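Top to bottom, those sequences are chains S and X. Per my numbering, the first sequence starts with residue 2, numbered consecutively. Per my numbering, the second sequence starts with residue 2, numbered consecutively. Written below as structure tokens is the structure these notes are about.
2 protein chains.
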Amino acid sequence: MAQLKSRRIVLASRPIGAPRSDNFRLLEEDIPDPRGGEVLLKTLWLSLDPYMRGRMSDAKSYAEPIGIGDVMPGGTVSKVLASRNKALAVGDIVLGYTGWQDYAVSDDTGLRKVDPTLAPISTALGVLGMPGMTAYTGLLNIGKPKAGETVVVAAASGAVGSIVGQIAKLKGCRVIGIAGGAGKVRYLTEELGFDVGLDHRSPNLTEQLQAAAPNGIDIYFENVGGHVWDAVFPLLNNFARVPVCGLIAHYNDTGPGPGPDRLPGMMNTILYKRLTVQGFIVLDFDSQTDAFLREVARWVREGKIKHREDIVTGLERAPAALAGLLEGRNFGKLLVKVAES
Amino acid sequence: MAQLKSRRIVLASRPIGAPRSDNFRLLEEDIPDPRGGEVLLKTLWLSLDPYMRGRMSDAKSYAEPIGIGDVMPGGTVSKVLASRNKALAVGDIVLGYTGWQDYAVSDDTGLRKVDPTLAPISTALGVLGMPGMTAYTGLLNIGKPKAGETVVVAAASGAVGSIVGQIAKLKGCRVIGIAGGAGKVRYLTEELGFDVGLDHRSPNLTEQLQAAAPNGIDIYFENVGGHVWDAVFPLLNNFARVPVCGLIAHYNDTGPGPGPDRLPGMMNTILYKRLTVQGFIVLDFDSQTDAFLREVARWVREGKIKHREDIVTGLERAPAALAGLLEGRNFGKLLVKVAES
């Protein structure tokens, strides 16, 4: 095969605060032919997710920071262009973690075949992929929803939040979604079937949430932090559960905020309300992948779970799209369409 | 029976900061004869416990605040002096919640007979009572200790901490106890068999804890808060569990501390280390009382769990003793000997 040129986007410098275009660099490089056991992959879809901000930073996180000059990491759906691996054939569609580049050479570690006849292949990065599984495992294992309970989820029109809320509805809960802007808020109730949608930009979010949750809050699926946390926290019921999945409002923080120090008050509330606050990442529940795929794929097929994609075309637009994601400018699961097929 | 005079200590005013003598008032009152279904109880032992500070305050807590003029609440071991209740006979020893007074008239709600032939009756307020059960249920249900793990407990020579550490040792854990003062610290290793004892007053507690926990900390039984939390928190391992049982360092706080605001940093750490921070109170595990009594009584009989009482004689000394407890001046389970028998 003739030598392929591949664009790759690497980390040029670590962002301070919000990522800017000069934190990224677009390089063009030769892609080597696959060696024994390897495949050559053409990226079709690249997933953009909030955790990426953490990996650009060298602050402590659950994942190692990437190095300066490393390809930006990310989940991808790719097509096998050439294969020297018996398990994968030319034309196969695979889910992988090959990052922000047009082409990648990889052994089969971490690759999973995607059946394009079952669902659109991009869903392997969304409702049937990491975000969906994050929602499913965090809500069920830590949130433990019971019928009649009140569940609050923020970033509720996003890739994770939208699934959390819909699964909570399927479990018989009252679901309050919080999102940014009238369009997203309408989507929550009109399309996703949430009981209430609230706009986090509203100046009286606290009062609105109080009115929407007259019986208090039993589960808060935490994926934003910030002022939404402040509105939710006082309304948590005794024995409420808080799966901590993300803190997107803080990812661009450059240091601890000013006082007062809310930590002792939070610990006191955890004690007297007997709250459970538990962090998780989706990898912790790897063993539940089959159950997730079986159950959520069925719900999607039956129309019980809807999902929405926000598609940006062109690898070169990934840096700006990631910055927008961190500011809540996407509407639905954010994907970069890297190539047609 | 001739009318009995009973001293009772009531809440005179709500403390601001540490409780002072003028927050209490000692009254002397007639005790009525018991009516049908009631018993007359003579208080022998009164338990003093940190939670009492919370009940003196009208800040939110898991228990209702008591009213001004109400008898100070507290667990007691009493003798039945007169009975108009078929289940209880004169001379019976009972565990109850009759508070800071010499005598009480009560129906049998909340009374439990104590067998004085099994163990000294004061243990019903300590190792075989609420503090022991707090230690047992919090450690086993939330801490979930596994052999080889590292457990840290503060207030480690106290009524709860000493039992937490000894049960953790029985479960095969490495146990680091933190206490105030050389005598208590020595007691942890020499008497209770902890692996390490540290003094929280040491200016380099953080470094000492780091050296004592080379493999990090898997369980932190939180019953103090304050600067011990600051030393422990950075050393928590991935998937560490933090049963939140008490925050004695903060009970006299008069408001939130100055900044920086540590809450977002804590949430971030909960997320990336996948911590579980869970509050509890002993009543949440009521159904485990029999298992607790059976197992811990056996450990006490076999000498596998030791306990220490710090006894103050005279009801009138209870207010000062409670203030001392909140400053860590007790050494072991703090009890007031109200009457000889």
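Positions of the beta carbon are idealized from the N, C-alpha and C atoms, including for glycine. None of these values were measured; they are calculated from a predicted model.
- With a beta-carbon spacing of about 5 Å, PRO35 of chain X and VAL106 of chain X fall inside the 8 Å limit used to define contacts.
- For GLU29 of chain X, the uninterrupted beta strand (DSSP E) segment begins and ends at 25-32.
- Put simply, the backbone Cα of THR255 of chain S is about 29 Å away from that of ARG242 of chain S.
- Taking a contact as a CB-CB distance under 8 Å, the pair PRO51 of chain S and GLY247 of chain S counts as one, their CB atoms being some 6 Å apart.
- Pairing LEU140 of chain X with VAL128 of chain X gives a Cβ-Cβ distance that is not under 9 Å.
- Residue contact check for HIS201 of chain X against chain S: no CB pair falls below 9 Å.
- For SER107 of chain S, the three-state secondary structure derived from DSSP is strand.
- Judged by their CB atoms, ALA136 of chain X and ILE69 of chain X are not nearer to each other than the 9 Å cut-off.
- Apart from the 5 residues on each side of it in sequence, ILE271 of chain S sits with its Cβ closer than 7 Å to the Cβ of VAL278 in its chain, given in chain order.
- In the DSSP assignment, PRO244 of chain X falls outside any alpha helix (DSSP H) and within the unbroken beta strand (DSSP E) covering 237-245.
- Under the 9 Å criterion on CB atoms, PHE332 of chain X is classed as non-interfacial with respect to chain S.
- Less than 9 Å separates the beta-carbon of TYR252 of chain S from that of GLY55 of chain S.
- Here GLY280 of chain S carries a strand assignment [DSSP, helix/strand/coil].
- Residue pairing of ALA292 of chain X in beta bridges, as defined by DSSP: absent, with no partner found.
- Between VAL245 of chain X and chain S, the shortest Cβ-Cβ separation is below 9 Å.
- Scanning its chain for C-beta atoms nearer than 6 Å, with the 5 sequence neighbours on each side dropped, one finds around MET134 of chain X the residues VAL283 and PHE293, in chain order.
- Here ARG309 of chain S is near LYS334 of chain S, since their CB atoms are less than 9 Å apart.
- Taking C-beta separations shorter than 8 Å and ignoring five residues to either side along the sequence, the partners of GLN211 of chain X in its chain run LEU236, following chain order.
- Residue range 5-12 is occupied by the beta strand (DSSP E) that includes LYS6 of chain S, with no alpha helix (DSSP H) assigned at that position.
- Residue-level contact by beta carbon holds for LYS274 of chain X and chain S, with a gap shorter than 9 Å.
- Taken in chain order, the members of the stretch 253-268 of chain X whose beta-carbon sits within less than 9 Å of a beta-carbon on chain S are ASP254, GLY256, PRO257, GLY258, PRO259, GLY260, PRO261, ASP262, ARG263, LEU264, PRO265, GLY266, MET267 and MET268.
- In chain order, THR151 place their CB closer than 7 Å to the CB of ASN216 of chain S, counting only its own chain and leaving out the 5 sequence neighbours on each side.
- By the neighbour-count criterion, in which 16 or more other beta carbons inside 10 Å mark a residue as buried, GLU29 of chain X falls on the exposed side.
- For LYS274 of chain S, no pairing in a beta bridge is given by DSSP.
- Under the Cβ criterion of 9 Å, ASP50 of chain S is not counted among the residues facing chain X.
- Taken in chain order, the members of the stretch 54-68 of chain X whose beta-carbon sits within less than 9 Å of a beta-carbon on chain S are GLY55, ALA60, LYS61, SER62, TYR63 and ALA64.
- If you draw a 10 Å sphere on the C-beta of THR99 of chain S, you find 16 or more other C-beta atoms in it, and that means buried.
- By the neighbour-count criterion, in which 16 or more other beta carbons inside 10 Å mark a residue as buried, ARG275 of chain X falls on the buried side.
- In this structure, the alpha-carbon of VAL165 of chain S lies about 25 Å from that of PRO74 of chain S.
- Below the 7 Å Cβ cutoff, chain S contributes PRO265 and ASN269 as neighbours of HIS251 of chain X, in chain order.
- Residue state for TYR252 of chain S is assigned as coil, using DSSP reduced to three classes.
- Using a CB distance cut-off of 9 Å, GLN289 of chain S does not count as an interface residue toward chain X.
- Sequence-distant Cβ neighbours of ILE122 of chain X in its own chain, meaning closer than 6 Å and more than five residues away, are VAL78, ILE94 and VAL115.
- Listed in chain order, the beta strand (DSSP E) elements of length 3 or more contained wholly in the stretch 48-117 of chain S are 77-84, 94-97 and 104-107.
- Annotated three-state conformation of GLU223 of chain X is strand, per DSSP.
- When the Cα atoms are used, VAL40 of chain S and ALA90 of chain S turn out to be separated by approximately 9 Å.
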